[in-house]
Structure formats: C-alpha cells, structure tokens
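Numbering (this note's numbering), first residue to last: 60 to 315.
Beta carbons are placed, not taken as given, at the ideal position from N, Cα and C, and that holds for glycine.
All figures in this text were calculated on a predicted structure; none of them were measured in a lab.
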Amino acid sequence: MAWLVLAVVLAWALAPGLFTGFSGVTGVPGNQLKAPGGVHWLGTDEIGRDVLARIIHGARYSLSGAFIAVGTGLVFGTLIGVSAGSVGGRTDAVLMRVVDIMLAIPSLLLALSFIIILGFGHVQVALAVGITSIASFARLVRSEVVTVRRADYVEAAFGSGGRFWAVIWRHVLPNSLTMVLAYAALQLGWAVLQISTLGFLGYGAPPPTPEWGLLIAEGRNYMMTAWWLTVFPGLAVIATVLAANRIGRSVERAVR
C-alpha cells in the first residue's frame, strides 16, 4: 500500500495531465467554493479552482523539493561523515563538534535561519531543509565508516599498498552506504513534511503555486464553510509522509 501511494504521487508529479483536465492555477467563474461532487470530486476553492487538480499539480513541487532536500543532505553529509570517520584525529573532532551544534538546534528554526540567507522560494526552501539534514546524515555515515574501516578486508587493502583515498573510495564508501540509503528513504517523508510546513508559513513557493503546504494555509480561512480546502491537501501530505516512512522502515530492517 505504501509503494502504491508513492507511485500515485510520483505519477501525479511526472504527468499531472493524465489525471485531471483542470488547471492547477486558473479558476472558473461561478464555480467558487463548490462542495465535493460529481464534476469536482474534491470541490473547488474560493476562485473556482478544482481542489483535486491543485493537489495533483502540487505533487510536483512537494516531491521535487523533497528530493532536492534529501539529495543535499545525503551528498554533503556523506562527504563530512567519510572525512571524519576515515581521517580521524582532530579532523574528526572538529567536524563532529560542528555536527553536534547543528543537531542541537531545532530543525525548523535552523531551516528558517537558512531561508533568511537564501531567500524565499521553492528551491530555497528545499535547500534549507536539506542543509538541516546534513548533520544527521554525517553522523550516520561517520559511524558506518568507522565500523567498515576496521574490517579485515580494508586493513588488507591498506597492507597490500593501496592508497588511502583509493581504498576509502573502493572499499569503505560502498560498504558504508547501505544503511545510509535506507535512512535517505526515511528522510523523504520528513522532507515532504518540513517543506509543507514552511510552505504553510509562507516561506515556500508564492501563490498561485499549488504547493501542498500553501494549499492548507490558503484554505484555513474557510474552515467553517469549505472544510475540503484544508482537509484534502492535509490528507495528501499525511498519506505521502506515512508511506515514505513505512518504506524507509522496511528498507532499514531489510539491510540490518
């Protein structure tokens, strides 16, 4: 079921036109605040835009932002973790203290700090969320590298005359990334939730972009008269996050 949910959301992101004939940004005069029904399955918003179409078109922004965030955390976290775990000594101590400082700051507050530096926008929010995840990736990679670094085959590679970074690249890094990639799958749901939260707060893509967090924020003013404007985008976020977390947990158990 989790794979099916993510497959549907991914299909929405890649080919929204296959699932809806309505625009995600243009409303139809006279269709304002229509309740869910036969023509508009999830109703319409305050300017006559189809809510289902908005959710389908918004999947592109939520998923692309999540992939940017996870990719940023994975790449830079891996670089830091491999450097700390392989070199050791003062390098390890300094890098891990920086990681500890980042982990001590609440992720949402840290993301807001980087948004102030990077500016508002969809890509900026994704990068800010990715930066906040670098520390957790770095700590996990470092622990895996330290474990693999002590393995007999790695010591044998060094003993046979292998160059330091060549051994790290060919033997240590590939055998350290299995658990890290499983963690990346788990982080995907977290990234969707963080990006939606920042979009709800107004730091993400500007209106009329149908980003899920922004849809929830726009619909909150109509909760008493048009509940579907907030409930259905919220359910899309919840379903995607739960599906990604379920898959991440399964992959994590499989590789252990």
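Range of the contiguous alpha helix (DSSP H) that encloses residue i
| i | result |
| --- | --- |
| residue 161 | 148 to 163 |
| residue 196 | 181 to 208 |
| residue 173 | 166 to 177 |
| residue 70 | 61 to 73 |
| residue 109 | Note, residue 109: premise wrong, no alpha helix (DSSP H); not H, not E. |
| residue 256 | 232 to 259 |
| residue 223 | 223 to 226 |
| residue 309 | 287 to 314 |
| residue 100 | Taken as a continuous stretch (DSSP letters only), residue 100 belongs to no alpha helix (DSSP H), as it is neither H nor E. |
| residue 87 | Unbroken run through residue 87: none, as it is neither H nor E. |
| residue 273 | 271 to 278 |
| residue 94 | Looking at the DSSP string, residue 94 is not in any alpha helix (DSSP H), and its letter there is neither H nor E. |
| residue 217 | 211 to 218 |
Euclidean distance between Cα positions of residue i and residue j
| i | j | result |
| --- | --- | --- |
| residue 64 | residue 108 | 24 Å |
| residue 256 | residue 272 | 6 Å |
| residue 246 | residue 89 | 42 Å |
| residue 243 | residue 114 | 25 Å |
| residue 190 | residue 170 | 8 Å |
| residue 267 | residue 274 | 9 Å |
| residue 184 | residue 194 | 17 Å |
| residue 96 | residue 283 | 18 Å |
| residue 159 | residue 152 | 10 Å |
| residue 208 | residue 156 | 21 Å |
| residue 176 | residue 60 | 40 Å |
| residue 145 | residue 220 | 17 Å |
| residue 70 | residue 218 | 50 Å |
| residue 228 | residue 308 | 27 Å |
| residue 276 | residue 235 | 41 Å |
| residue 66 | residue 299 | 10 Å |
Check whether residue i and residue j have beta carbons under 8 Å apart
| i | j | result |
| --- | --- | --- |
| residue 201 | residue 143 | yes |
| residue 79 | residue 128 | no |
| residue 75 | residue 116 | yes |
| residue 258 | residue 270 | yes |
| residue 296 | residue 252 | yes |
| residue 199 | residue 239 | yes |
| residue 250 | residue 311 | no |
| residue 301 | residue 104 | no |
| residue 226 | residue 216 | yes |
| residue 106 | residue 83 | no |
| residue 122 | residue 188 | no |
| residue 314 | residue 206 | no |
| residue 101 | residue 291 | yes |
Rounded Cβ spacing between residue i and residue j (contact assumed at less than 8 Å)
| i | j | result |
| --- | --- | --- |
| residue 306 | residue 125 | So it is not a contact: roughly 13 Å between Cβ atoms. |
| residue 137 | residue 196 | 6 Å |
| residue 248 | residue 303 | 3 Å |
Closest Cα partner of residue i within the set the options
| i | options | result |
| --- | --- | --- |
| residue 94 | 281, 223, 163 | 281 |
| residue 150 | 160, 139, 159 | 139 |
| residue 186 | 276, 290, 263 | 263 |
| residue 161 | 224, 192, 222 | 192 |
| residue 91 | 291, 285, 309 | 285 |
| residue 213 | 231, 133, 145, 265 | 231 |
| residue 135 | 146, 154, 148 | 154 |
| residue 147 | 292, 179, 223 | 223 |
| residue 178 | 220, 261, 229, 98 | 261 |
| residue 131 | 182, 294, 233 | 182 |
| residue 120 | 180, 276, 308 | 180 |
| residue 81 | 98, 73, 66 | 98 |
| residue 293 | 77, 168, 73, 110 | 110 |
Near the ligand MG: residue i beta-carbon under 7 Å from a heavy atom
| i | result |
| --- | --- |
| residue 155 | Ligands in the displayed structure: none, and consequently the ligand MG is not present. |
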